[in-house]
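Presented below is the structure to which this report refers.
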Amino acid sequence: MTDALVLAARLRALDDAALAALVRDRHVDAARIADIFDLADALLAPDAVARALEQLDRTALAVLAVAAEDGATAGPVSLGAVRDSLARRSGEDQLDPAELTDAARRAADTLLAGVDDAGITTHPEVAAALAAWPAA
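Quick note on my numbering: the sequence shown kicks off at 18 and runs consecutively.
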């Protein structure tokens, strides 16, 4: 399944209020959306992904970036693996598991990622946008 189809399936599961909030929060031009597939494409457009990434806090962005680098576009990366990778890359103490889960969920709330019991996943469009950012 393409990422737009995966995202469309996630969008289909949202109620009207959640969809309206997502369109508002992600600054999508609703006038250009005819169906759920148009919305999925709009949310994965490079400018929309960049705007959404800019709204994430540092911890959520770090979780998403590490997950993307560690293969979350191909399948779930466990939050434990993300936690270990973050600590190794930053040289800092590991994040509290609850803080890590909250950060992953904040990324998932934007639909830039998905989080479930298996871990975190993201879209190639998100990974590409993150890879284009300068290294910190």
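Quick reminder that beta carbons are idealized off the backbone N, C-alpha and C, glycines included.
Query	Result
What's the call for Gly136, buried or exposed, on a 16-neighbour Cβ count within 10 Å?	buried
So, under 8 Å CB-CB, Ala66 and Val80 are touching, yes? Tell me the CB distance rounded to an integer number of Å.	Contrary to the premise, residue 66 reads as Val rather than Ala in this sequence. About 16 Å; that fails the 8 Å criterion.
Val23 by DSSP, collapsed to three states: which one?	helix
On the DSSP letters alone, give me the boundaries of the alpha helix (DSSP H) that Asp42 sits inside.	33-42
Check whether the Cβ atoms of Ala59 and Thr139 sit closer than 8 Å, and answer yes or no.	no
Between the C-alpha atoms of Leu103 and Pro93, what's the straight-line distance to the nearest angstrom?	16 Å
I'd like to confirm something about Leu60: is its beta-carbon nearer than 7 Å to some heavy atom of the ligand FAD, or not?	Questions concerning the ligand FAD fall outside what the structure shown contains, since it holds no ligand whatsoever.
I need the boundaries of the alpha helix (DSSP H) containing Val99, first residue and last residue.	96-107
Name the one or two DSSP bridge partners that Asp126 has.	Paired residues: none, contrary to the question.
When the Cα atoms are used, what is the spatial distance from Met18 to Gly131?	Reliability fails at Met18, whose pLDDT of 49 lies under 50, so the model's placement of it is uncertain and no value is given.
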